[in-house]
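> In the numbering used here, the protein residues as written are 907 to 1125.
Quick one: the structure is below, questions incoming.
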Ligand code: ZN
């Protein structure tokens, strides 16, 4: 069974489309949260995941939108959350609100969280990866750092597919991953997309300029 993994789409419709077009055929697609925030198209990204019935967990930006707690964020993140609150309709908000903090997929073989199994807001950077993160699942998927990384252990795979919509690992290309559950292998993948069109849309939406400039640098 081939499983496509995405995370931290952050309202970047152009990057999401590039990832979905580039992805090889998969039997399931899963998302580790932060569908909205930062970029101009939260409604379109929610719509795409809902249409494809993608099992998704709630990211901290998704939660800030439904709980209206953007005031805790920095200026850039706050602007993206406020933009999403204006852009999302009632059904999209209901869907975001329905997202669990953790979920299982693929007959329980894959566990999905946003940041860390113990705390959705905790960052798990590559140096924090460990087989101790695994419970009884074959694959643990997490996001939140926007840093793509995967480790294969005897106990299973821990993978952060990276960020679709705002990579922060120095590579501006959209990130995702594909896991083969039978072979127990994981492939991290990148795909270039039209960053300039997103940058123009960020500025047209009145979002902070730094949201646009960081996309070109992968930061
Ligand atoms: Zn994020």
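Cβ coordinates follow ideal geometry from the N, Cα and C atoms, glycine included.
Model, not experiment: these values are computed from the prediction.
#1: Specify whether the region 989-996 and the region 1006-1022 touch according to this definition: at least 3 beta carbon pairs, one from each stretch, less than 8 Å apart.
#2: If you run the structure through DSSP and keep just helix, strand and coil, what is residue 1119?
#3: Would you mind stating whether residue 968 and residue 1002 have Cβ atoms separated by less than 7 Å?
#4: Could you check whether residue 1083 and residue 1092 sit closer than 7 Å to each other, using their CB atoms as the reference points?
#5: Which partner residues does residue 920 have in the DSSP bridge list?
#6: For the alpha helix (DSSP H) that contains residue 953, what are its first and last residues?
#7: From residue 1115 to residue 1061, what distance separates their C-alpha atoms?
#8: Do residue 1071 and residue 915 have their C-beta atoms closer together than 7 Å?
#9: With distance defined between alpha-carbon atoms, name the residue in 1098, 982, 909 and 1079 nearest to residue 937.
#10: CA-CA distance, residue 1025 and residue 1109?
#11: Please determine whether the Cβ atom of residue 933 lies at a distance below 6 Å from any heavy atom of the ligand ZN.
#12: Would residue 1076 be called buried (16 or more neighbouring beta carbons within 10 Å of its own) or exposed?
#13: If I measure Cβ to Cβ from residue 924 and keep anything under 6 Å in the same chain, skipping five residues before and after, which residues do I get?
#14: Any chance the CB of residue 914 is under 6 Å from a heavy atom of the ligand ZN?
#15: Taking the beta carbon of residue 913 as the centre, do at least 16 other beta carbons fall within 10 Å, making it buried, or is it exposed?
#16: I'd like the span of the alpha helix (DSSP H) that includes residue 989, first residue to last.
#17: Should residue 1089 go down as buried or exposed, given a rule of 16 or more other Cβ atoms within 10 Å for buried?
#18: What did DSSP end up calling residue 966 once you bin it into helix, strand or coil?
The short version:
#1: no
#2: Counting from one through the chain shown, the residue named residue 1119 turns up at place 213. Helix, per DSSP.
#3: Here residue 968 refers to the residue found at position 62 when the chain shown is read from its first residue. Here residue 1002 refers to the residue found at position 96 when the chain shown is read from its first residue. In this structure, residue 1002 lies closer than 7 Å to residue 968 by Cβ.
#4: Residue mapping note: residue 1092 aligns to position 186 of the chain shown, counting from 1. Residue mapping note: residue 1083 aligns to position 177 of the chain shown, counting from 1. Against a cut-off of 7 Å, the Cβ pair of residue 1083 and residue 1092 comes out as a contact.
#5: Taking the first residue of the chain shown as position 1, residue 920 is located at position 14. Answer is none; residue 920 lacks a bridge partner.
#6: Here residue 953 refers to the residue found at position 47 of the chain shown. That run of the alpha helix (DSSP H) goes 948-957.
#7: The sequence position of residue 1115 within the chain shown is 209, counting from 1. The sequence position of residue 1061 within the chain shown is 155, counting from 1. Taking the straight line from one Cα to the other gives about 44 Å.
#8: Taking the first residue of the chain shown as 1, we reach residue 1071 at position 165. Taking the first residue of the chain shown as 1, we reach residue 915 at position 9. Contact: yes.
#9: Mapped onto the chain shown, residue 937 falls at position 31. If we check each option's Cα against that of residue 937, 909 comes out closest.
#10: To locate residue 1025, count along the chain shown from 1; it is residue 119. To locate residue 1109, count along the chain shown from 1; it is residue 203. Answer to the nearest angstrom: the Cα atoms are 34 Å apart.
#11: For this step, residue 933 is matched to residue 27 along the chain shown. Checking every heavy atom of the ligand ZN against the Cβ of residue 933, none is found closer than 6 Å.
#12: Residue mapping note: residue 1076 aligns to position 170 of the chain shown, counting from 1. By the 10 Å Cβ count, residue 1076 comes out exposed.
#13: Along the chain shown, one-based indexing puts residue 924 at 18. Cβ within range, chain order: 1080, 1097 and 1099.
#14: Mapped onto the chain shown, residue 914 falls at position 8. Indeed, a heavy atom of the ligand ZN lies less than 6 Å from the Cβ.
#15: Stepping through the chain shown from its first residue, residue 913 is reached at position 7. Label assigned to residue 913: buried.
#16: Taking the first residue of the chain shown as position 1, residue 989 is located at position 83. 981-993 is the extent of the alpha helix (DSSP H) around residue 989.
#17: Start at 1 with the first residue of the chain shown, and residue 1089 comes out as number 183. Residue 1089 is exposed by the Cβ-count criterion.
#18: For this step, residue 966 is matched to residue 60 along the chain shown. Reduced to three states, the DSSP call for residue 966 is helix.
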